[in-house]
Every structure is written in C-alpha cells, then in structure tokens.
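Colleague: Just add 1 to wherever you are in the sequence shown, counting from 1, and you've got the working numbering. Every residue, glycine too, gets a C-beta built ideally from N, C-alpha and C.
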Amino acid sequence: MSFRSDIHGSFKQESVTLTAREPVAVFFYFSHLEQSKGFDVVPKIILPRRGFKDILQESMKQINNIKTFATFTDAYDDIDNVNRRRMRDSLKEANDYTVHVVIRREHSFAKHFLADLFAGSSLSVLPVAYSWEYIFTAHVTDRNGMKIKHYERTAQLETWTQALLIFFYPFNPPEVKIEEIYLESLKDIFREIEADGVLAGKGKS
2 MSFRSDIHGS FKQESVTLTA REPVAVFFYF SHLEQSKGFD VVPKIILPRR
52 GFKDILQESM KQINNIKTFA TFTDAYDDID NVNRRRMRDS LKEANDYTVH
102 VVIRREHSFA KHFLADLFAG SSLSVLPVAY SWEYIFTAHV TDRNGMKIKH
152 YERTAQLETW TQALLIFFYP FNPPEVKIEE IYLESLKDIF REIEADGVLA
202 GKGKS
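Below, the structure written as structure tokens:
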C-alpha cells in the first residue's frame with residue numbers, strides 16, 4: 002500500500018493571466034535523476050517515467066502564451082555525444098526562454114537496505130516501509146542564459162510491503178501516487194510561472 006504527502010512549496014495564490022503578452026518560443030529541457038543517499042555520491046541520470054510526455058502536455062496548459070516549443074531530455078551518455086550537446090545548446094539559443102526542469106527522486110540507502118533485510122528475515126510476514134522523496138526544480142533563463150527565476154516543489158511517497166498486502170495492490174498501486182506527484186508538481190510550477198509572467202516577452206507588464 003502506498004501513501005503520499007501533499008506537494009510542499011505549492012503556489013497558494015490564484016492564477017492571474019497577464020494581458021498584452023506576446024507569444025514566445027520556449028525550450029523545455031528535462032533532467033531526470035535518481036540518488037540512493039549514502040550509496041551514490043552524485044545523482045544518476047535515468048529515463049523519464051512512463052507517460053511523462055502526457056504529463057507534460059497536460060501541465061503545459063497552465064501557460065497561455067507559448068507560440069512554439071521544443072523539448073530535450075538528458076541521456077546518460079550525452080557526455081560522449083557532442084552532437085546531442087550541440088543540439089541542446091542550439092535549442093537554448095533559438096528560443097526566447099529555457100525552462101530547465103530537474104526531477105530528482107532519492108531515498109536512504111541504509112533505510113532501504115535494512116528494510117530489505119528485515120523483510121527477508123521475517124519472510125515478508127511483517128509490513129516494511131520504503132520511502133522516496135521527489136524534488137522538482139525549474140530554472141527559467143532567457144536566450145542569453147540570464148537567470149530569471151527558480152521554482153521548487155517536493156513530495157514524499159511511502160510504500161508498505163507485506164505478503165498479505167499484495168491483495169491491496171490492484172486498488173492502491175504506487176504508480177498512481179507517483180503520477181499524481183508528477184502531474185501536480187509540474188502543473189503547479191507552470192501555474193506560478195504563468196502568474197509571475199516570467200515568459201512575458203516584450204509584452205511583459
């Protein structure tokens with residue numbers, strides 16, 4: 002069974018649609034990371050979760066003046082791929098704004114190791130909890146690389162495993178909670194970006 006927290010750092014004000022804003026070209030640049038604290042010294046690049054493009058498409062509805070947009074997602078082997086790095090940099094220069102979204106999920110290696118050990122020794126008879134933290138950050142810059150604004154949201158997910166709890170899985174899968182965290186976090190960040198008018202172009206009031 003899985004339980005999730007509310008989104009921390011969420012935007013509390015009502016969204017305000019600014020007037021007289023010109024349509025702008027936006028480059029959405031994504032980095033998906035995972036870190037096992039106490040085991041990984043630095044976060045590791047991972048693939049986007051299933052359905053992420055659908056989550057992004059839904060979240061982008063919060064921003065009303067996107068004329069055109071491009072996307073790019075970091076891959077683990079980009080450090081060896083000069084063509085992809087050049088493409089990423091050219092997209093930054095070709096668009097009015099870059100929104101670099103970093104999605105990091107992390108957990109304690111020690112706690113997960115002990116949970117695995119306890120679950121194995123008890124033959125999964127006693128319930129064991131596994132916790133993950135999800136951190137979403139968005140850095141907005143202009144085409145010259147000048148920083149405009151920074152946003153952050155966090156949420157926690159706790160999943161309990163035990164032999165008898167397997168019967169609850171079809172009614173409470175952790176995948177649903179994770180997708181909720183992704184969608185709510187991105188929508189809330191984009192809603193605040195819209196309210197702040199940071200993508201306002203020449204028509205920024």
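(1) Would the beta-carbon of A139 fall within 7 Å of that of V199?
(2) For A156, count neighbouring C-beta atoms within 10 Å of its own C-beta (all shown protein chains included) and say buried if the count is 16 or more, exposed if not.
(3) Could you name the residues that DSSP lists as bridge partners for Y30?
(4) Less than 7 Å between the beta carbons of T144 and F12, yes or no?
(5) My guess is that T160 and Y98 are in contact by the Cβ rule of under 8 Å, so how many angstroms apart are they, rounded?
(6) From P174 to D189, what distance separates their C-alpha atoms?
(7) Could you give the DSSP three-state label for S186: helix, strand or coil?
(8) Nearest by alpha-carbon distance to E185: which of Y131, S60 and N65 is it?
(9) Let's see if you can read the secondary structure: which residues bound the alpha helix (DSSP H) around R86?
(10) May I have the straight-line CA-CA distance separating W133 from V103, to the nearest angstrom?
(11) Work out the CA separation of K148 and F237 for me, nearest whole Å.
(12) For I8, I'd like the list of residues in its chain whose CB is within less than 8 Å of its CB, leaving aside the five on either flank, ordered along the chain.
(13) How about R106 and E180: are their beta carbons less than 7 Å apart?
(14) Just how far apart, CA to CA, sit N84 and K62?
Modeller: Per the coordinate set shown:
(1) No; because the gap between Cβ atoms is not below 7 Å, this pair is not in contact.
(2) buried
(3) F73 and H101
(4) Strictly speaking, residue 144 in this sequence is Arg, with Thr absent from that position. No. Outside cutoff.
(5) Actually they are not in contact, since the Cβ atoms of T160 and Y98 sit about 37 Å apart, beyond 8 Å.
(6) 23 Å
(7) helix
(8) S60
(9) For R86, the uninterrupted alpha helix (DSSP H) segment begins and ends at V83 to A95.
(10) 16 Å
(11) There is no way to answer for residue 237, as the model of the chain reaches only from 2 to 206.
(12) R154, T155, A156, I182, E185, S186 and D189
(13) no
(14) 31 Å
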